[in-house]
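Enquirer:
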Amino acid sequence: MSKLNKDILYLIFEELQDNKEYLASCLTVNKTWCEIVIPILWKNPWRYYLNNKKELSLLNTIVSHLLDEAGNGLSQHYNFFANSCKKPLFNYISFCKHLNLERIEELIKGTNINDINDILNLFINENMEYTHLYISQNFDYNFITGAEICFSKIEFLKFNSIGNDKFLSILTKVCKSIKVLKLNIYGPDYNDGIVKLIENQKKLFDISFLDIDKPSCKIIENSLIKHANTIQYISTCEQFESKVFRSFVNLKILELNGNKTNKEWYNIRNLFLPSLQALNAIDIPIDWFANLIESSGKKLTKISYYNSDKNANNEVYNRILIQAIYNNCPNIMYLELLYKNENILDLEKLLINCQYLKRLGFYCYYRENLFCQTEIQKYIEWDNLFNILAISSPLGLFEFNFKGTNEKPELESLKLFFDNWEGRHPIILKFQMEGNYRKVINDELIDLVKRYKEKGVIKDYVYYSNFFHRGYTNILDKYIVEVAKKKKRLEQD
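Its first residue numbered 20, the sequence shown is counted upward by one per residue in my numbering.
1. By alpha-carbon positions, which one of Y471, F450, S314 ends up nearest to L435?
2. Would you call the CB atoms of K449 and V500 closer than 8 Å?
3. Is it buried or exposed, G573, if we count other Cβ atoms within 10 angstroms and call 16 or more buried?
4. Using only the alpha-carbon positions, how far apart do T80 and E174 sit?
5. Helix or strand or just coil, what does DSSP make of N241?
6. DSSP puts S255 in a beta bridge; with which residues?
7. Compute the distance between the beta-carbons of L85 and D137, then report whether it is under 8 Å.
8. Which two residues bound the contiguous alpha helix (DSSP H) that contains A343?
9. Do the segment 330-339 and the segment 280-299 meet, that is, are 3 or more Cβ pairs less than 8 Å apart?
10. What is the residue span of the beta strand (DSSP E) that A297 lies within?
11. Considering Cα atoms alone, identify which of N146, S171, T191 is closest to I217.
12. Buried or exposed for S21, going by 16 or more other Cβ atoms inside 10 Å?
13. Which one of W284, I253, F259 has the shortest CA to CA distance from L270?
14. Can you tell me where the beta strand (DSSP E) holding Y353 begins and where it ends?
15. So which of W440, I226, S242 has the shortest CA-CA distance to Q251?
16. Shortest alpha-carbon distance to K39 belongs to which of L60, P207, F228, I312?
17. Between which two residues does the beta strand (DSSP E) holding S412 run?
18. So Q156 and N183 are in contact, right, with Cβ under 8 Å, and what is the actual spacing, rounded?
19. Report the residue ranges of all beta strand (DSSP E) runs contained in full by the segment 413-441; include only those spanning at least 3 residues, in chain order.
20. At what residues does the alpha helix (DSSP H) containing R470 begin and finish?
21. Buried or exposed, going by whether 16 or more other CB atoms sit within 10 Å of the CB of V476?
22. Hey, I189 and F162: beta-carbon distance below 8 Å or not?
23. Assign F450 to one of three DSSP states: helix, strand, or coil.
24. Out of N350, G380, L376, D466, point me to the one whose CA is closest to Y358's CA.
25. Does DSSP put S21 in a helix, in a strand, or in coil?
26. Could you name the residues that DSSP lists as bridge partners for Y482?
27. Could you please give me the residues that DSSP links to G380 through a beta bridge?
28. Could you spell out the range, first to last residue, of the alpha helix (DSSP H) harbouring L364?
29. Where do the N-terminal and C-terminal ends of the beta strand (DSSP E) with T321 fall, by residue?
30. How would you write the range of the beta strand (DSSP E) that L176 sits in, first residue to last?
31. Who are V199's beta bridge partners in DSSP?
32. Measure the beta-carbon distance from Y324 to L340 and round it to whole angstroms, keeping in mind my assumption that it falls under 8 Å.
33. For R338, which residues of its own chain have a beta-carbon under 7 Å away from its beta-carbon, when the five flanking residues on both sides are left out?
34. Between E313 and the rest of its own chain, which residues show a CB-CB distance below 6 Å, the 5 nearest in sequence each way excluded?
35. Go through its chain and collect everything with a Cβ distance to N248's Cβ below 8 Å, but skip five positions before and after it.
36. Spatial neighbours of R489 within its chain, please: CB distance less than 7 Å, with the 5 preceding and 5 following residues excluded, ordered by chain position.
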């Protein structure tokens, strides 16, 4: 393995770039592997450091690049690093292709560093070449002449407009190859610069308005028409004019992010987007969203809809949406929508009509905020729901995800469901946790899941929390580990 061609090894390791632990273990195999892995790890080092201890380690490594060959050279601003810094074995920063100024500022916040220009100069100079750039608000930096050339090959830009008019002017001049653009725009002072930045790109593929006021949106949206043939992904928190929406003939993914104060999304009514394949919406009027599906749903393979407005979350509106889906989306494969007991017959029709479904997600409760929940329905009729799923689900449907509820099915309901599911594609069940997992996970559930996994009925059974556990960590596994530790302690006592 160690004698494999370097190019082949690089391709293999690049496929593993999301697995930092595995890549790190490869560093000690031999010099060749180390020389291949280091550039991959440092292509985007910010992604791997998510806790204070690791962040300090990253900052130490960055500061070490300020040392000279003798191990000296730290200015008075960095004296407290003197004992922990050594001249680095590699010029790690030279491998960096993602410059995340947001993360650099976060790294430095908890230190005594007042002047970060020395650190920024390590990253922003004519010898660097970036593909991804993340700019925080009020970014204050005096560019060295010629340093801006390092941004000329940028393909991804996340930009916060506050206090960054100078930076915006530089990017507008040097950046021509941006494909993915994510914008936070506050106030009219930056609109002209943003328009020029958008117009200057050769092939804009993906644009997101993370935050933008309505007047700014009206000014900026027309600059997108120039890229109408290349744009395939749009995420926006403000609606565009109908003519602008209609110009995106090759748009494949559309995300609409409304809120309780912005309910004016009438421009999506009767909107025909011939290439649309994925449609995601939050807090958009449900009847207008259903109308968009009716006019543009033929090629849709993915739909996600959530609305925090309790007045919109009723069985009548929900029926309108479900009917729009099963009447107009024959190719739907991934679907997330509100679940209500009153719509169980509508759900049954959807399962029968949409034969390509693979994954189905349910938002079960209306949630006012993380710590204060208001229920729309008091309970889920699990037996009735499981019966419909077992009888009417298309053959390819194998994953169900229940979000926003601590109410979990009884063991008898689960056992009956698993018995009825036997002989089909092994099932994946996911439940989003909002509180103490010990209230719903016990030894009996562990035994039940284990038994039906061995029978080939269950592929995976997951409890997860987006708020208290990173990603989709299976809390069921966490419980098993805790039980094993407790048992071991009792045996030792």
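A virtual CB, placed ideally from N, CA and C, is assigned to each residue, including glycine.
Expert: Let's see:
1. By one-based count along the sequence shown, residue 435 stands at place 416. Among Y471, F450, S314, the Cα nearest to that of L435 belongs to Y471.
2. Here residue 449 is taken as the residue at index 430 of the sequence shown, counted from 1. Here residue 500 is taken as the residue at index 481 of the sequence shown, counted from 1. Contact flag unset, no.
3. Residue coverage of the chain in this structure runs from 20 to 512, which leaves residue 573 outside it and unanswerable.
4. Within the sequence shown, the letter at position 61 stands for residue 80. Within the sequence shown, the letter at position 155 stands for residue 174. Whole-angstrom Cα-Cα distance: 27 Å.
5. As a working note, residue 241 is residue 222 in the sequence shown. Collapsing the DSSP output to three states places N241 in a helix.
6. Residue mapping note: residue 255 aligns to position 236 of the sequence shown, counting from 1. First, the amino acid is wrong: residue 255 is Thr here, not Ser. DSSP, once it has assigned bridges, lists F228, L275 as partnering T255.
7. Taking the first residue of the sequence shown as 1, we reach residue 85 at position 66. Taking the first residue of the sequence shown as 1, we reach residue 137 at position 118. Contact flag set, yes.
8. As a position in the sequence shown, residue 343 is number 324, starting the count at 1. In this chain, the alpha helix (DSSP H) harbouring A343 covers 334-347.
9. Cβ pair count under 8 Å is below three, so no.
10. As a position in the sequence shown, residue 297 is number 278, starting the count at 1. Segment 297-301, the beta strand (DSSP E) holding A297.
11. Residue 217 sits at position 198 when you count from the first residue of the sequence shown. Measuring from the Cα of I217, the nearest candidate turns out to be T191.
12. To locate residue 21, count along the sequence shown from 1; it is residue 2. A caution first: S21 carries a pLDDT of 48, below 50, which makes its placement in the model unreliable, though a value can still be read off. Exposed, since its Cβ has fewer than 16 Cβ neighbours within 10 Å.
13. Position 251 of the sequence shown holds residue 270. Taking only the C-alpha atoms, the option nearest L270 is I253.
14. Position 334 of the sequence shown, counted from the first residue, corresponds to residue 353. Taken as a continuous stretch (DSSP letters only), the beta strand (DSSP E) holding Y353 covers 353-357.
15. Start at 1 with the first residue of the sequence shown, and residue 251 comes out as number 232. Here the closest residue by C-alpha is I226.
16. Locating residue 39 in the sequence shown gives position 20, counting from the first residue. Among L60, P207, F228, I312, the Cα nearest to that of K39 belongs to L60.
17. Position 393 of the sequence shown, counted from the first residue, corresponds to residue 412. Unbroken run through S412: none, as it is neither H nor E.
18. Position 137 of the sequence shown holds residue 156. Position 164 of the sequence shown holds residue 183. Correct: roughly 7 Å between the Cβ atoms.
19. 418-422
20. Start at 1 with the first residue of the sequence shown, and residue 470 comes out as number 451. Per DSSP, R470 belongs to the alpha helix (DSSP H) from 462-473.
21. The residue given as residue 476 occupies position 457 in the sequence shown. The C-beta of V476 has 16 or more other C-beta atoms within 10 Å across all chains shown, which makes the residue buried.
22. Taking the first residue of the sequence shown as 1, we reach residue 189 at position 170. Taking the first residue of the sequence shown as 1, we reach residue 162 at position 143. Cβ distance < 8 Å, so I189 and F162 count as in contact.
23. Walking along the sequence shown from the start, residue 450 turns up at place 431. F450: strand per DSSP, three-state reduction.
24. For the purposes of this step, residue 358 is identified with residue 339 of the sequence shown, where counting begins at 1. Among N350, G380, L376, D466, the Cα nearest to that of Y358 belongs to G380.
25. Here residue 21 is taken as the residue at index 2 of the sequence shown, counted from 1. A caution first: S21 carries a pLDDT of 48, below 50, which makes its placement in the model unreliable, though a value can still be read off. The answer is coil: DSSP assigns S21 none of H, G, I, E or B.
26. In the sequence shown, residue 482 corresponds to position 463, counting from 1. BP columns for Y482 point to F450.
27. By 1-based counting over the sequence shown, the position of residue 380 is 361. Beta-bridge pairing links G380 to E355, N420.
28. Translated into the one-based positions of the sequence shown, residue 364 becomes position 345. Taken as a continuous stretch (DSSP letters only), the alpha helix (DSSP H) holding L364 covers 363-372.
29. For the purposes of this step, residue 321 is identified with residue 302 of the sequence shown, where counting begins at 1. As written in the sequence, residue 321 is Lys, which differs from the Thr given in the question. Per DSSP, K321 belongs to the beta strand (DSSP E) from 321-325.
30. The residue you call residue 176 lines up with position 157 of the sequence shown. First-last of the beta strand (DSSP E) with L176: 175-179.
31. By 1-based counting over the sequence shown, the position of residue 199 is 180. Paired residues: F175, D225.
32. In the sequence shown, counting from the first residue as 1, residue 324 sits at position 305. In the sequence shown, counting from the first residue as 1, residue 340 sits at position 321. Indeed they touch by this definition, with Cβ atoms about 6 Å apart.
33. The residue labelled residue 338 in the question sits at position 319 within the sequence shown. Once the five neighbours on either side are set aside, the close Cβ partners of R338 are N362, D365.
34. In the sequence shown, counting from the first residue as 1, residue 313 sits at position 294. The answer, listed in chain order, is A343, N347.
35. Taking the sequence shown and counting its residues from 1, one reaches residue 248 at position 229. Cβ within range, chain order: V268, N269.
36. In the sequence shown, the residue the question calls residue 489 occupies position 470. Note that R489 scores 44 on pLDDT, short of 50, meaning its location in the model is unreliable; the coordinates nonetheless yield the value given after this. The answer is none, since no qualifying residue turns up.
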